[in-house]
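In what follows, a structure is listed as C-alpha cells, so that the remarks can point back to it.
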Amino acid sequence: MLENLKAISAAAKDAIAAACDEAAIENLRVQYLGKKGELTAILKQMGSLSAEERPKMGALVNEAKQELEELIAIKRNELKAKAQDEKLKAETIDITMPAKEIKPGKLHPLNTVLDDMINIFQSMGFDVVDGPEVETDYYNFQCLNVPEDHPARDMQDTFYLAENLLLRTQTSAAQIRTMETMKPPIRVICPGRVFRADEVDATHSPVFHQIEGLVVDKGITMCDLKGVLEQFAHEIYGSDTKVKFRPSFFPFTEPSVEVDVTCSECGGKGCRVCKGDGWIEILGAGMVHPNVLRSCGIDPDEYSGFAFGIGLDRLTTTRYKISDIRLLFENDKRFLDQF
Ligand code: PHE
4 MLENLKAISA AAKDAIAAAC DEAAIENLRV QYLGKKGELT AILKQMGSLS
54 AEERPKMGAL VNEAKQELEE LIAIKRNELK AKAQDEKLKA ETIDITMPAK
104 EIKPGKLHPL NTVLDDMINI FQSMGFDVVD GPEVETDYYN FQCLNVPEDH
154 PARDMQDTFY LAENLLLRTQ TSAAQIRTME TMKPPIRVIC PGRVFRADEV
204 DATHSPVFHQ IEGLVVDKGI TMCDLKGVLE QFAHEIYGSD TKVKFRPSFF
254 PFTEPSVEVD VTCSECGGKG CRVCKGDGWI EILGAGMVHP NVLRSCGIDP
304 DEYSGFAFGI GLDRLTTTRY KISDIRLLFE NDKRFLDQF
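Shown next, in the form of C-alpha cells:
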C-alpha cells in the first residue's frame, strides 16, 4: 500500500508540474483528490490494515493529500497569472493606429436659413414668439376672418384631429395669440412647422415651414409693409434683387399682396429654377383686416398693422439649389453633409 501511495504521489506531482492550463489542473484534482480519486481510493482500503499500521498509513496519506493540494493551488495561481499576462499582451492598444473620426453634427439647412431670417428681423426690432402646432379651429380660421363655410378654407387642405382641433395650416394663428396677450406696439415674428394634406412631390410636402410676421401700432401703413419686406428681400437675396408686390387675397388682410423676387439663379432672365418666369414667389402679406384687430380687442380706428407669412422651405431650396423639397425631410446624412 505504501508503494502504491508513493507511486500515485509521484505520478500526481509530475502531472501537476506538466499541466498547462486551468482545466487540466482541475482534471488532476478530480483524478487524485476527488471523491472517486486515486488517493481517496487508498483511504478506503485502510480497513484492511492492522490497528497499529492504520494511523501511520492514515497520516502518510493525509500528508500526501495535503502536499498535492498545495501543489495544485500553487500551479493554479501560476497558470492564472500566465493567462492574465497573455491576455494583457494580446490586448495591448496600438496607439499608432489612426483614430476613428468623430463627425460633429451641424445645422440643418432649414435652420441655417431660419437663423439668418431671425437675425434680419431682430435687427429691425422684431421679437420672436412661438405658437402651438396643434391649434383650434378658432385660432387657425375663425378668428382670422375665415368662418366655417368660407371658401378660403379650400385653399388649405387641413388635417383635423377632432371636430375643433387641427394641425395648424398656417402660422397666422400666432397673430391672434400675440394680439390677445400683447398690447401694441407689436413687432413679432413666429417661425414654425405647418401642415396641409398635400400630395407629396418635388415641391409639396404635408409638413413645411412658415415665418409669420406681425406689426401693429398707430399709423402703420402699406409703406411700412413694403419697406420691411423689401429690406428683408435685399438682405436675404442681395441688394440688386428686385421685389414685386402683386395684389392678392387673404381673408385676414385687406388689401393683400403676394411678393415675388427676381430669381437669384438667373437674375430675372428666366431659367429652370424659376420655371422660365424670372420671378420667385416668397411670401403672402397684407394690412391686418379690421375684423381681426377687433376680434382681438384692438380698436381698428386707433391702430393698424401689417402681417406677412414667408415660406421657409422655398427660400432654402432656392438658396442652396436643392431640386426636391423631400430632401429636406429625409434626414439622409449624405445629403445633409453637403451643407
Ligand atoms: N397664412 C398665409 C398662407 O399660409 C400667408 C399670409 C400670412 C398672408 C400673413 C397674409 C398675411 O398662405
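Take any residue in the sequence shown, count from 1 to its spot, add 3: that is its number in our numbering. Quick reminder that beta carbons are idealized off the backbone N, C-alpha and C, glycines included. All of these numbers come straight from a predicted model, not from anything done at the bench.
Under the three-state reduction of DSSP, which class applies to C226: helix, strand or coil?
-> helix
Taking L63 and L8 to be in contact with their CB atoms under 8 Å, please state how far apart those CB atoms are, rounded to whole angstroms.
-> 6 Å
Taking the continuous alpha helix (DSSP H) assigned at F252, which residues delimit it?
-> Looking at the DSSP string, F252 is not in any alpha helix (DSSP H); the run it does join, the beta strand (DSSP E), is 246–253.
Who are the Cβ neighbours of G40 in its own chain at under 7 Å, not counting the five residues just before and after it?
-> V33, Q34
Inter-residue spacing [alpha-carbon to alpha-carbon] between R79 and D335 | 56 Å
By a C-beta neighbour count over all protein chains shown, 10 Å radius and 16 as the cutoff for buried, is N167 buried or exposed?
-> exposed
Give the single residue among I325, P254, C277, L339 whose Cα lies nearest to the Cα of F311.
-> P254
What's the C-alpha gap between V137 and L170?
-> 5 Å
A236: CB within 7 Å of a non-hydrogen atom of the ligand PHE = no
Less than 7 Å between the CB of G241 and some heavy atom of the ligand PHE, yes or no?
-> no
Does the count of Cβ pairs from the stretch 248–265 and the stretch 148–156 closer than 8 Å reach three?
-> yes
Per-residue burial, E215 [other beta carbons within 10 Å of its own, 16 or more giving buried] | buried
Can you name the residues that DSSP bridges to Q343?
-> Coverage of the chain is limited to positions 4 through 342, which leaves residue 343 absent and any answer about it impossible.
For the candidate residues I283, D302, S326, whose alpha-carbon lies nearest to that of K186?
-> D302
Three-state secondary structure (DSSP) at S126?
-> helix
T277 versus S126 - alpha carbon distance = The displayed chain sequence assigns Cys, not Thr, to residue 277. So the alpha carbons of these two residues sit roughly 29 Å apart.
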